[in-house]
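Asks: Can you keep this structure in mind? I'll have questions shortly.
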Amino acid sequence: MIRRLTGLPPAQQFVVVLGVAVAVGALAVSVSALGDAGMLLASAALLAALANLAQWLWQSRQSTDWDNTFSESAPPRGVDSRISRLAGDVREAGSGTAASATRVHATLSSLAADRLRQHPDPAAEASTVLGRDLAAYLAAPPSTRITAAQLAAFTTTLEELS
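195 is the number of the first residue of the sequence shown in our numbering; add one for each residue after it.
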């Protein structure tokens, strides 16, 4: 009986609950020994509605996943070793370390080459696309010292080329 009721759509379940409430109400009115029929009818209707709600909640629940498979969460921002190395290179290049200046120069060169390949006019000169200062820096030896202001201007220029 319960399986047939659980297979019904919610609207038909409500009709069944309403029918049961009416039947209980009719029984309460016809048997005078049951006391106040209005209160009994209201109580029965409330009980039926609560039963219908509980049954609906039971049907709509999702199964619990008990697997112990945990996925790796995304690493916190700044944990990527490439970003940490680049930040260190930028700090060291500003202080004059030649190896760091060479790595920053190589990074900016590869970014500039990618941007030039994506530029709508591939025949345009690098100095007109990249700007005179960035083109001069890229043409200079890789150990050329770069300031933080220059690096900020160069990265802004490269970002705007997209």
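A virtual CB, placed ideally from N, CA and C, is assigned to each residue, including glycine.
Being a predicted model, the structure only gives us computed values, none of them experimental.
1) What did DSSP end up calling G288 once you bin it into helix, strand or coil?
2) Could you check how far apart the C-beta atoms of T296 and P336 are, in whole angstroms? I think they sit under 8 Å.
3) What does the alpha-carbon distance come out to for the pair T200 and V218?
4) Following the continuous alpha helix (DSSP H) through E353, name the residue where it begins and the one where it ends.
5) Using DSSP with H/G/I as helix, E/B as strand and the rest coil, what is A317?
6) What three-state label does DSSP hand G325 in the structure shown?
7) Please determine, among A329, A245, G282, the residue with the shortest C-alpha to C-alpha distance to V210.
8) Using the rule of at least 16 other Cβ atoms within 10 Å of the residue's Cβ for burial, across every protein chain shown, is S294 buried or exposed?
9) Between A333, L305, D315, A318, which lies nearest to E136 when the distance is taken from Cα to Cα?
10) Near T338, which residues of its chain fall below 8 Å by C-beta distance, leaving aside the five closest residues on each side in sequence?
11) Would you kindly work out how many angstroms separate the C-alpha atoms of H313 and Q344, rounded to a whole number?
12) With burial defined as no fewer than 16 other Cβ atoms inside 10 Å of the residue's Cβ, what is the status of D308: buried or exposed?
13) Going by the beta-carbon positions, is the gap between A342 and A329 smaller than 8 Å?
14) Just how far apart, CA to CA, sit L310 and P316?
Replies: A quick look at the data gives this:
1) Working through the sequence shown from its first residue, we reach residue 288 at position 94. The DSSP-derived three-state label of G288 is helix.
2) Position 102 of the sequence shown, counted from the first residue, corresponds to residue 296. Position 142 of the sequence shown, counted from the first residue, corresponds to residue 336. Contact between T296 and P336 holds: CB atoms are separated by about 4 Å, below the 8 Å threshold.
3) Along the sequence shown, one-based indexing puts residue 200 at 6. Along the sequence shown, one-based indexing puts residue 218 at 24. Cα to Cα, T200 sits roughly 21 Å from V218.
4) Position 159 of the sequence shown, counted from the first residue, corresponds to residue 353. Counting along the chain, the alpha helix (DSSP H) containing E353 begins and ends at 342-354.
5) Numbered from 1 along the sequence shown, position 123 holds the residue referred to as residue 317. The answer is coil: DSSP assigns A317 none of H, G, I, E or B.
6) Counted from its first residue, the sequence shown places residue 325 at position 131. Of the three classes helix, strand and coil, the one that applies to G325 here is coil, per DSSP.
7) Taking the first residue of the sequence shown as position 1, residue 210 is located at position 16. Selected option, being the one with the closest Cα: A245.
8) Counted from its first residue, the sequence shown places residue 294 at position 100. Buried.
9) The displayed coordinates of the chain run from 195 to 356. Any statement about residue 136 would go beyond what the structure contains.
10) For the purposes of this step, residue 338 is taken as the residue at position 144 of the sequence shown. Closer than 8 Å at Cβ, skipping near neighbours: A295, H299, Y331.
11) As a position in the sequence shown, residue 313 is number 119, starting the count at 1. As a position in the sequence shown, residue 344 is number 150, starting the count at 1. Looking at the two C-alpha atoms, the distance is approximately 22 Å.
12) Taking the first residue of the sequence shown as 1, we reach residue 308 at position 114. By the neighbour-count rule (16 or more Cβ atoms within 10 Å), D308 is not buried but exposed.
13) As a working mapping, residue 342 is identified with position 148 in the sequence shown. As a working mapping, residue 329 is identified with position 135 in the sequence shown. No, the pair does not count as a contact, with Cβ atoms beyond the cut-off.
14) Position 116 of the sequence shown, counting from 1, holds the residue named residue 310. Position 122 of the sequence shown, counting from 1, holds the residue named residue 316. In this structure, the CA atom of L310 is about 7 Å from the CA atom of P316.
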